[in-house]
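Chains as they are written, first to last, in my numbering: chain A, 16 to 188; chain B, 16 to 188.
Number of protein chains: 2
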Amino acid sequence: MWERGYEAVSPRDLLDESGAGQGSLYHHFKGKLTWRQWLFGEVSDEMCEFARETVGMDGSALDRVFRYLDVSRDGLKGCRMGRFAAESSIAEASLRKPVERYFRELQRILAGVFREAQADGEIAKRLDANELALMLITVVQGGFVVSRVYRDRNAINRATETAKSLLKSLPTR
Amino acid sequence: MWERGYEAVSPRDLLDESGAGQGSLYHHFKGKLTWRQWLFGEVSDEMCEFARETVGMDGSALDRVFRYLDVSRDGLKGCRMGRFAAESSIAEASLRKPVERYFRELQRILAGVFREAQADGEIAKRLDANELALMLITVVQGGFVVSRVYRDRNAINRATETAKSLLKSLPTR
DNA sequence: GTCTATAACGTGATAGAC
DNA sequence: GTCTATCACGTTATAGAC
Numbered sequence: 016m017w018e019r020g021y022e023a024v025s026p027r028d029l030l031d032e033s034g035a036g037q038g039s040l041y042h043h044f045k046g047k048l049t050w051r052q053w054l055f056g057e058v059s060d061e062m063c064e065f066a067r068e069t070v071g072m073d074g075s076a077l078d079r080v081f082r083y084l085d086v087s088r089d090g091l092k093g094c095r096m097g098r099f100a101a102e103s104s105i106a107e108a109s110l111r112k113p114v115e116r117y118f119r120e121l122q123r124i125l126a127g128v129f130r131e132a133q134a135d136g137e138i139a140k141r142l143d144a145n146e147l148a149l150m151l152i153t154v155v156q157g158g159f160v161v162s163r164v165y166r167d168r169n170a171i172n173r174a175t176e177t178a179k180s181l182l183k184s185l186p187t188r
Numbered sequence: 016m017w018e019r020g021y022e023a024v025s026p027r028d029l030l031d032e033s034g035a036g037q038g039s040l041y042h043h044f045k046g047k048l049t050w051r052q053w054l055f056g057e058v059s060d061e062m063c064e065f066a067r068e069t070v071g072m073d074g075s076a077l078d079r080v081f082r083y084l085d086v087s088r089d090g091l092k093g094c095r096m097g098r099f100a101a102e103s104s105i106a107e108a109s110l111r112k113p114v115e116r117y118f119r120e121l122q123r124i125l126a127g128v129f130r131e132a133q134a135d136g137e138i139a140k141r142l143d144a145n146e147l148a149l150m151l152i153t154v155v156q157g158g159f160v161v162s163r164v165y166r167d168r169n170a171i172n173r174a175t176e177t178a179k180s181l182l183k184s185l186p187t188r
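Structure representation (structure tokens):
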């Protein structure tokens, strides 16, 4: 599902792979939609937690931002939340909300660390911390897109590396 | 199709909307696949041409890069090529190739302008022009992703604006 | 070259035995 | 709580009249 997209995975695929029979899914969930609502909630929580752990508390603020960028990503797979954005079912609010929750939380975390970096004189204060955080998120999400198009699992890692270079090259005020 | 994704559009949708009957599509194309191969080729060419026109020849090199970033984008729609990356049919080479062709050409154009900017002393020479171009493309593509997740058609434009700020803040050597 | 009708298949969902 | 069998529907594709 991570690789093919949520819409491309049918309940039958899931049941075949798990070895369960047709009816089992419908005992635990009302249908495909409620199953995906549950799944998105789980994945969203998990990824928020992972983001918090990655950024962590130790090291300089800028190093903590770099730690997020340095996560090794397989560009041929995709972000388990972001890859969902292109699918038409993003229109369904109950499916979009957990995705949005993850991105908002990620942006909040990164913006906080940027503000620390600014307070510590690592990054110029005239740049907006919220907007910087948003841009980093777009580099990662766009990195997945370009990796898949180029069939190059490392294109995304080169993009985050360039973002690091830019941040490092920035004057501190 | 631009808004819902290629996979979500059936031949019937197309024929209903265009007012043509069921069989007409299959007179002109072998099937849905060959139709999309043709379509992707057309869109790819069109977007390459648009990129060349946008960057253009007049103005300073850095201004020409900014002109690409300044294109007003509706984040709720999506890139007519990039949005396809998340779909599972990207695995089909005949569909992926035109998409890749557009991205490679775009990266080539932007990298060329970055090299000019470096020659003119607008951008530090130690940054890799190819990698900078790649990163800008990821900002745009990721901008579409975040815009759709946030339901905010301007999130993408804020991201490209931040990328401009970063490039402007950079020391020239 | 376009139309209507329809085939063949896969999907999401349900029924009812165990 | 899980299983097999099956339904109703939408999809891609084809047949054959006009």
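In this text, a Cβ means the ideal position worked out from N, Cα and C, and glycines have one as well.
Contact list for the stretch 133 to 151 of chain B against chain A, Cβ threshold 7 Å: The stretch 133 to 151 of chain B vs chain A, Cβ under 7 Å: 139, 142, 146, 147, 149 and 150.
Contact under 8 Å by Cβ, residue 177 of chain B with residue 131 of chain A: Taking C-beta atoms as the reference points, residue 177 of chain B and residue 131 of chain A fail to come closer than 8 Å.
Selection from B:181, B:148, B:169 and B:186 that minimises the alpha carbon distance to residue 83 of chain B: Nearest option by C-alpha distance: B:148.
N- and C-terminal bounds of the alpha helix (DSSP H) containing residue 50 of chain A: It spans 47 to 70 - the alpha helix (DSSP H) in which residue 50 of chain A sits, taken as one unbroken run.
Integer-rounded CB distance, given that residue 26 of chain B should sit under 8 Å from residue 47 of chain B: Indeed, because the Cβ distance is near 6 Å, the residues count as touching under 8 Å.
Separation of residue 143 of chain A from residue 186 of chain B, as counted between CA atoms: Rounded to whole angstroms, residue 186 of chain B to residue 143 of chain A spans 19 Å at the Cα level.
Contact list for residue 187 of chain B against chain A, beta-carbon separation under 7 Å: In chain A, no part has a C-beta under 7 Å from the C-beta of residue 187 of chain B; the shortest such distance is about 11 Å.
Chain A contacts made by the stretch 112 to 129 of chain B, where a contact means CB separation under 7 Å: Listed by position, the residues of the stretch 112 to 129 of chain B near chain A (Cβ gap below 7 Å) are 114, 115 and 118.
Beta carbon proximity, residue 177 of chain A to chain B, threshold 8 Å: Yes, residue 177 of chain A counts as interfacial toward chain B.
Neighbouring residues, chain B, relative to residue 97 of chain A (Cβ below 9 Å): 101, 157, 160, 161 and 164, listed in chain order.
Under 7 Å by beta carbon: chain A residues contacting residue 19 of chain B: Residues of chain A passing the Cβ test: 103.
Assumed close pair residue 90 of chain A, residue 168 of chain A - CB separation to whole angstroms, cut-off 8 Å: So it is a contact: roughly 5 Å between Cβ atoms.
C-beta contact flag for residue 152 of chain A and residue 155 of chain B at 8 Å: No.
is_contact[residue 170 of chain B, chain A] using C-beta, thresh 8 Å: With 8 Å as the cut-off, residue 170 of chain B counts as an interface residue toward chain A.
Any 3 or more C-beta pairs closer than 8 Å across the stretch 106 to 120 of chain B and the stretch 49 to 61 of chain B: Touching, yes, given that three or more Cβ pairs across the two stretches are closer than 8 Å.
Pairwise C-alpha distance: residue 101 of chain B and residue 137 of chain A: In this structure, the straight-line span from the alpha carbon of residue 137 of chain A to that of residue 101 of chain B is close to 36 Å.
Whether residue 80 of chain B touches residue 30 of chain B by CB criterion (8 Å): 8 Å or more divides the Cβ of residue 80 of chain B from the Cβ of residue 30 of chain B.
Rounded distance between the beta-carbons of residue 70 of chain A and residue 114 of chain A, thought under 8 Å: That belief does not hold up - the Cβ atoms of residue 114 of chain A and residue 70 of chain A are roughly 20 Å apart, past 8 Å.
Nearest neighbour of residue 64 of chain A, chosen from A:134, A:184 and A:121 [CA to CA]: If we check each option's Cα against that of residue 64 of chain A, A:121 comes out closest.
Buried or exposed (CB count within 10 angstroms, at least 16 for buried), residue 59 of chain B: Buried.
Contact under 8 Å by Cβ, residue 172 of chain B with residue 88 of chain B: With respect to residue 88 of chain B, residue 172 of chain B sits close: the two C-beta atoms are nearer than 8 Å.
Any chain B beta carbon closer than 8 Å to residue 88 of chain A: The C-beta of residue 88 of chain A comes no closer than 8 Å to any C-beta of chain B.
Closest residue to residue 174 of chain A among A:42, A:157, A:24 and A:43 (Cα-Cα distance): Measuring from the Cα of residue 174 of chain A, the nearest candidate turns out to be A:157.
Under 7 Å from the C-beta of residue 173 of chain B: neighbouring residues of chain A: Those within 7 Å of residue 173 of chain B in chain A are 146 and 149.
Chain-ordered neighbours of residue 34 of chain B on chain A, where CB pairs are closer than 7 Å: Using a Cβ-Cβ cut-off of 7 Å, residue 34 of chain B is close to nothing in chain A; its nearest Cβ partner there is about 23 Å away.
Test: residue 59 of chain B CB closer than 8 Å to a CB of chain A: With 8 Å as the cut-off, residue 59 of chain B does not count as an interface residue toward chain A.
Residue 164 of chain B beta carbon less than 8 Å from that of residue 163 of chain A: In this structure, the beta-carbon distance from residue 163 of chain A to residue 164 of chain B does not fall below 8 Å.
Short CB-CB distance (under 8 Å) between residue 23 of chain A and chain B: Judged by the 8 Å Cβ criterion, residue 23 of chain A is in contact with chain B.
Local conformation of residue 83 of chain B per DSSP, three classes: It is helical.
CA-to-CA distance, residue 61 of chain A to residue 194 of chain A, given in whole angstroms: The requested residue 194 of chain A is not part of the displayed model; chain A covers only 16 to 188.
Min CB distance residue 110 of chain A to chain B below 8 Å: Residue 110 of chain A does not count as touching chain B.
Alpha-carbon to alpha-carbon, residue 16 of chain B and residue 23 of chain B: Spanning the alpha carbons of residue 23 of chain B and residue 16 of chain B requires a straight line of approximately 8 Å.
8 Å contact criterion, which residue 99 of chain B and residue 21 of chain B should meet: CB distance rounded: Separation of the CB atoms of residue 99 of chain B and residue 21 of chain B is rounded to 6 Å, and the pair is thereby assigned contact status at 8 Å.
Residue burial classification, residue 72 of chain B (beta-carbon count within 10 angstroms, cutoff 16): Per the 10 Å Cβ criterion, exposed.
Nearest to residue 135 of chain A (by Cα), restricted to the options A:77, A:35, A:28 and A:39: Considering only alpha carbons, the answer is A:77.
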